[in-house]
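Residue numbers (numbering that gives the first Met the number 0), protein chains in the order written: chain A, 0 to 619; chain B, 0 to 332; chain C, 0 to 570. Using N, Cα and C, we set each Cβ at its ideal position, and we do this for glycine too. Since this is a predicted model, take the numbers as computed values, not measurements.
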Amino acid sequence: MKRFLQLFCLSLLPIIAQAEPFAGDGEFRDTSATHRQHKNLLGKYNGKQGLTNFGVTGNYRGMVYYRNMDELFDGTYSQEKMLLSTNDGGRQSQLELDVVARPTSTTSFRTDFYLYSPMRGAGYNENETGLQMGVNLDGQMNYDNAKISFRLGGLQYTRLSKLTLWASENEGESLFERNTWDYFQTAAQNYESYYAQGTIIRDFRWGNQFCQGLVASIYDLPWGLESRVIYAKTPNNGGQSSYLDTIPNISYGGFIHKKFGQNYFGVNTFNSVSYDSVVNGNCIGYNIATVDFSLDFLSDFNVKGEFGYGRYVDGETLEKSFGEAMDVVFLSRQKLIGSPLKLHVYRLSPSFINLDAGFNTYLKSTAGYNGEGGSSYPVGANMSDVDYINGNRQGLDLRAEMNFSGLKVNLATGFSEEIDHQSTSVSFGHRINGIMFARVFAYQNYMGPYSALTTNYRSYYETNPLDTTAITSKIRFAVTEWNLKYKFNIANRPFYIFYLGSYSSCQDQLAVLPVLKMEKSYMRVQYHELETYYKLSEKMAVDAYFGLENMKGSYGYTYAQNGAAPVLEFGKAIGLGLDFVLAPLTNLYVRTRWFDFEDKHNDMSHYRGFEGSLELKAFF
Amino acid sequence: MNMRRLPFIGFIASLLCMWSCSEEMVGPSIDGITIDTFNIVNSATAKMIDADFAQGDSIHFIGSWEFDTKWTITVKGQTSGAVRTLTGFGRSVDESIAWDGSADLIFFREGETCEATLSFESYDDYKVADKFVHVVSLKPIDGIVLGDYDEIDAEGWGSTSRVVEDGVELPATQKRTFADEGILVPQGDNYLQISGYEDGGKYYLSGNILTISEAPLKIDTKNIGSNYINFFLYGYPNYYENSTIYVMFSDKNGNKIGFNDRVKITEPGWHGISLSFSKLKETENETGIPFDYSNITEAGYSLFSVDGTECAAKAAVDYFIVTTGKPLFNVYN
Amino acid sequence: MRKYYLFIGLVLLGLSVQAQKANPKIQFNGVARGDMSHNWLSSDDTVNADQSLGGAALVDLHLDIRPNDAVRIGTTLRVKNAIGGFWGQGASLELREISIKGVAAKRIKYRFGDIDSRMTPYTLWNNSGECANNEADVFRFIREIRHQENFNYRNYWRNQGADLAWRLGFDKGMESIDFTTFAMRNRSLDDGKTPDRMQAGGNMQFNITNHSNIGLNYINLFDLPKTVSKTYYEKYSNGVGTSNFNFLLGHTTAFGEFGFSTINYVDTSDTKTVNTKGNFFELGLLHLIRQSFLVQASFRRVNPNFFSAGAQSKRINYTSDVNVLPVVGTNSYNRTISLLDLITDDAIYNQAISYGLMDYEMIFNNVTPYGKATPNRQGFDVHLIYVGDSTFTTEIEVQALQDVAGQGSEKKKNYLLAQWSGDVYFDKIFGWSKSVSLTAGYQFASASRDEDRVYKMSKDLVKPVDLHSHTIDLGTSVEVLNRVDVLLGTKILLYKGTDYKAILNGFNETVKYKCETYDGSQMLTAAGLRYRFNDNISLTMQYDRFTLKDKIDDGNSYKINQAFLLFNILF
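In structure tokens, the structure reads:
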């Protein structure tokens, strides 16, 4: 009996030793003893070693945003009120987490999450979470004669060439406004960078278009070749919710470059294709093919350009149209004026359609092309900055950078004309209060008291009809920009002054410089932005901003929408700010702005108010 | 025998034994017809549907089955035993198949419950609708009732030779109900049994005077063929072959017309008889004046044997009605 | 004795220390997958909407959390975004599974949450999907993704509930007794009218020796009437009880299982309207010859009224709508599930135990649509496997069966299901450095029944049963460059004949037989290029072409082309 009890107790030892992993959970012995080896590449991961190369980074952006719209148009808009919020109308997130994992040295995946609490008092029920960039999977294949690096998923940023797949790079930008994607800077670091290098720290998105799908880069090929292949959706492939539509709408393309030293020669193609609504549908969309190059010559000079040809198939009529495009930049690094001088020549046929390229495709109307590109983009004759080139144009611009004892001057001037006179309206942006206004009215078309305003991402523009009986020939444009940067010390601390101004006009005659007189122009637009930044201490910088814009339409040529008088608009803004480094990788930003806008010819077109934000941003 | 093999032998034997165990067939026969649905659609929820046929109500059916074949929907009165059959060909019926309260022969009764059944000509499968019809009212028949043995009685008469059953003489005429003989009553609660013994005289055995309450009965001579005398006639199993009915009418002048061929009874059970007035010939005219169809003052019928051979004759009649335009039953030829 | 106890204690301590080193507190595993696919009908289809394009990128992050040595918590979170949904549109964050398991008082194993369970092929068993007999690698790894998505791990059913397991050891008589008991929730609609449904049961296995055991199994799918208001009280239950055994006799193992099933139903007026009883048995022998050949022969008889929800539920729901290009053919009809969908379509997979016999596709397998537990079958099953060396493997299985009771006829159907599969590894045979393999599989399924009765009306002969199908799988994988494989495969299904499918009510009673006649073929051919980062990570580009030919009505024929890219990371 004793022996039985002893052995019985022994048998009550743990069925599985505590330290061993569980195996065959709930598995019972088969009545049939037959079995097959379960051969597969993707067996269950139970019992596998865990992921070790795994990291989470991100940032916290706590914000209090205040806005008080004292006056807004005719007083009937609900936005004429005070607003207190935890976001400034941009990306709604307080905590952004980026998860990157590397199962092997050649593969990785990443995803992001955002978490946001609107803090409206209703508790956790209103908190939001989701993805922004989404899941991306990366892989790299290494061979002796090639390395292939690819990413599958989305969102991801990429580019091919300026006329195929690119995003506009607008050099002139105010530094005063805060952006959600701004990375950590020590106090005044960005201003120093802007002064010293002419650039601000921009993230990987600069110049790149975003897409979802497959992007593969192939490099280290023989004969100095490198290539990129894209098979992905851009937002112009059916919109930002195109996953709901199963009809194929996809972009594909790529380039092959032959490199020789710093120079290269390449061919590019980009195709955005879909099918019309007919069963067994017809292929519609656009196909682009270009050649591009970059060549240094005579040690100081460089020419970089691209020539292309495109075909567009209309979804309604199935009509095909063809157009050419050219974009060439000549650069003298020093020899000609002792500092960089760029000459940019371009021609974009009105039939050269590519909504994903680095220029603003010419839009006759908001109908866009096969339902894409119409809303939120400037329509008609667009008066834009020097670097923002438009379709249905040919022109040239010149940009020079000079340094006069620390006063850095970046001057640009350009003129252009329509290739075919097709425009029945003129459009121009409102830069001074653009970001603020786009927060108030997000993604709206032809709104406002005169149905002239369209808001986009962090900007808005106005469209005024042209008198088509008076304007019967090509419209010409001229624009001049000047960007001044100066730095000096106050109490041994750097003080920066930045000035960005531009003046543009559109008229019937070709003019090298913008036309100043009303009777000779259809529309004149000017912007002036003066910013000062003073680094008070290692941890603090104070900021100030003054902006002014003025738009003048000419009688007999332009008028505000709905038969109103040609515009005479003034937009103003005064801003004050503070940047404070609270802790390593943690900054506090304060921004305030008083804004005012009025059209002296059209009463209802005015607004006035104040906005301010307190932003605490921490990176980890 | 190697005893070690015994378990294996037993194992195999039990397998074979179990193999041979048979079980009865699963499911319906594959050569039948499977009915998916059949029902009355007048109401989605009510199990008993009121039908006011006099007000124009009609009962609609819906059904579907496995394949195209000849189908029959039979509506049967649970009290009267009346039947209405609807037939067609196909694999479904839709709401266009309807019943208006009419009957094939015996009339439905107001207040009774009726049941509908779907069946097929060559298959045993059938389905009874799980909803029933309560007859609130029936469409009145357009005609002149001469005798129904409920509201309108008629005077009967008979010969002296009587039929004897189980030692009891049957009267020449007697009103009968369902309880008396277990025979369904075609209309109302009563029918008239008529009988008599043919002793070779070829004379009428019994008969009845029909009541012309709307005096005189007028028959439009321009369309004499579209006027009918309709009545139910019952053939008793052992008597029908010996029994015939003679129908006659008299005008105000005493002239008579009648159906000389006499109505024969082809098989036992109730029959609906419709005789066109054009088939009634003059049997007696002492005045020389043609029969006055617009002044018919008397009507009647008699039971005769078939050919005067000695026999017992018996029949039953109910619901004499004169209709204009169309007969109530198939026209007797 | 003292030394004996000391020895055991030291061994356990050593194991415990070893385990601490190997297992951190939280371990991350999972799957990351990105795919893009383009489907289009052949150009001669001018009637139907004929293109579709889609894709998604996802990460399934599995956390294995060990707060201590006795408890493990497992959960899988999924982050997914659809290709074409920008800035979070079409994105989802899901909880795929969560469960806890552990050992209580060092004696009782427990699990709670999303758990996988199985018992025997007649009680709780997830039968493999159709047309998966040794298919080519180019199809197999795509089908595996379907299995992952639907938690089809071998023959386990994924359920939500709890289970316990413990063992009693003995010194004499037998080695041990294993106990398992479980309870899972099958349905909970919370609509006040439909009662909750549970599935519960247990198993007791008497381990006489290492190789001999007797088991008792019981499982019941039943309603809880009190979860609804009294007006709607009704109770369904399907109970199955079996006993199974394995006995090693020399080199031969005798095995078997037998049992019964009941279906009971009490309706809302508290009247018992259904009371069906069934039974089955299986007896067999397994013999290993020269360590290379495995031979198994068995006989089974499954009564027509044997119903076991846990064993007869199917992995594929044949009443589902297909996802890709659903309307095809000049008849513009909604196409049914085909070979292509079995491999590529998640939407047709079923994860729930069904209380009634599910619909099946006769042309795929009309012999054992519900696996071994298919009711109304009796006959022999012979299985031969060659597992000799690593250069090739082959196996063949033949099932010769017959109805236990005629179906709509006094005559019984005869069935034959023959399956053969083989793999050849040329690199191992010839000593090549790069892998080259060939896989093949063949299935013949047939049902036959002569008939001499006639239809009452037409006097035509009732159609005899003569439906047969051939499924051929052929594939090759050739490593052309280091870690780059060319994958080729084809899957052919040929079918012709007539059979009668039973149309059942909710209690598996046959209400009619529907005569179905087939004559056609399906062919799926694929070519792919795969780069293997390692055994668990691959990038594949593949083109599939699927053709369905209906010789009875050509308007139902169609072709689908599919091109896709798949990047799969298992970690």
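Pick from the options that is closest to residue i, judged by C-alpha positions
i	options	result
A:I255	A:T289, A:C282, A:T233, A:P234	A:T289
A:S520	A:V344, A:L465, A:S167	A:L465
C:S331	C:K24, C:D49, C:G29, C:I25	C:D49
A:N267	A:I287, A:I283, A:N389	A:I287
C:N80	A:R101, A:E95, A:G212, A:Y442	A:G212
B:G100	B:E120, B:V132, B:L274	B:V132
C:F298	C:I347, C:I99, C:A253, C:S116	C:A253
Below-7 Å beta-carbon distance, residue i vs any chain F residue
i	result
C:N302	Of the protein chains in the structure, A, B and C, none is chain F.
DSSP-derived helix/strand/coil call for residue i
i	result
B:H270	strand
C:A18	Interpretation of C:A18 is limited by its pLDDT of 39, a score under 50 that renders its predicted location unreliable; no figure is taken from the coordinates.
A:D29	Low local confidence applies: a pLDDT of 26 at A:D29 is under 50, so the model's placement there is unreliable, and no value is given.
A:R438	helix
A:A582	strand
A:Y449	coil
C:F425	helix
A:W222	helix
C:L167	strand
C:F85	helix
C:T230	helix
A:Y376	coil
Where the alpha helix (DSSP H) through residue i begins and ends
i	result
C:G328	First-last for C:G328: undefined, no H or E at that position.
C:F140	136-148
C:Y152	That residue, C:Y152, is in no alpha helix (DSSP H); it is neither H nor E in DSSP.
C:T343	338-343
C:G200	Careful: C:G200 lies outside any alpha helix (DSSP H), inside the beta strand (DSSP E) at 195-206.
A:A195	188-196
Limits of the beta strand (DSSP E) - the one that residue i falls within
i	result
A:N58	53-71
C:Q290	No beta strand (DSSP E) holds C:Q290; DSSP gives it neither H nor E.
C:E515	509-533
A:S273	262-274
A:G152	146-157
A:F292	282-296
A:E305	300-312
B:I295	295-304
B:Q173	172-175
A:G428	424-428
Integer-rounded CB distance, given that residue j should sit under 8 Å from residue i
i	j	result
C:T497	C:E515	7 Å
A:I246	A:Y274	6 Å
**OP:** For the segment 36-47 of chain C, enumerate the residues whose C-beta is nearer than 9 Å to any C-beta of chain A, in chain order.
**Re:** H37, N38, W39, L40, S42, D44, T45, V46, N47
Original post:
If contact means a Cβ-Cβ distance below 7 Å, which residues of the segment 44-60 of chain A contact chain C?
Top reply: Y44, K47, G49, L50, F53
**OP:** Identify each residue in the segment 377-409 of chain C for which the Cβ-Cβ distance to at least one residue of chain B is less than 7 Å, and report them in chain order.
**Re:** Q377, V403, A404, G405, Q406, G407, S408, E409
Subject >> Proximal residues, the segment 127-150 of chain A versus chain C, C-beta separation under 7 Å >> reply: T128, G129, L130, Q131, G133, V134, N135, L136, G138, M140
Subject >> Residues of the segment 535-547 of chain C whose Cβ lies closer than 9 Å to any Cβ of chain A, in chain order >> reply: N535, I536, S537, L538
Original post:
Taking a cut of 8 Å between CB atoms, which residues from the segment 427-460 of chain C lie near chain A?
Top reply: none
**OP:** Compile a chain-ordered list of the residues in the segment 51-63 of chain C whose CB is closer than 9 Å to at least one CB of chain A.
**Re:** S51, L52, G53, G54, A55, A56, L57, V58, L60, H61, D63
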